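Numbering (this note's numbering), first residue to last: 1 to 127.
Let me begin by presenting the structure, written as structure tokens, before commenting on it.
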């Protein structure tokens with residue numbers, strides 16, 4: 001999430017992208033957003049569009065390594081389309097129980113969906 005400006009959601013070399021670049025990045029992916037939206041009953045979410053923008057900005061930069069924070073996490077998270085080599089799992093709590101499960105074990109199982117085969121997993125101590 002951002003604190004002061006939406007551009008904080010996409011950083012390159014530790015700094016938020018410029019407002020102009022943010023707009024250009026949206027314009028770059030806008031045709032794809034419209035194409036996907038036209039083919040399904042629900043529009044892409046705000047987070048899904050921002051995730052697409054981040055990946056486009058990373059490709060344009062280009063970056064060697066991207067640190068990508070998930071939304072809710074899990075199998076169906078918008079960020080889960082990349083082949084990550086490292087997955088970091090922070091402490092599991094009872095968040096998003098309507099989508100991820102109602103117990104810590106169910107939520108952990110769903111969040112583990114971000115882990116790719118052969119990836120290094122860093123697991124925080126759980127409560």
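Where is the CB? At the ideal position from N, CA and C, for every residue including glycine.
Note that this is a predicted model, so its numbers are computed, not measured.
Please state whether the Cβ-Cβ distance between residue i and residue j is less than 9 angstroms.
{"i": "residue 120", "j": "residue 97", "result": "no"}
{"i": "residue 23", "j": "residue 54", "result": "no"}
{"i": "residue 57", "j": "residue 12", "result": "yes"}
Kindly indicate which three-state DSSP category residue i falls into: helix, strand or coil?
{"i": "residue 45", "result": "coil"}
{"i": "residue 25", "result": "helix"}
{"i": "residue 31", "result": "helix"}
{"i": "residue 67", "result": "coil"}
{"i": "residue 36", "result": "helix"}
Who are the near neighbours of residue i in its chain, counting only those whose CB is closer than 6 angstroms to its CB and skipping five residues on each side?
{"i": "residue 8", "result": "2 and 16"}
State buried or exposed for residue i, treating a residue as buried only when at least 16 other CB atoms are found within 10 Å of its CB.
{"i": "residue 81", "result": "exposed"}
{"i": "residue 6", "result": "exposed"}
Mind pulling the alpha helix (DSSP H) runs of 4 or more residues that sit fully within the stretch 82 to 117?
97 to 100 and 104 to 111
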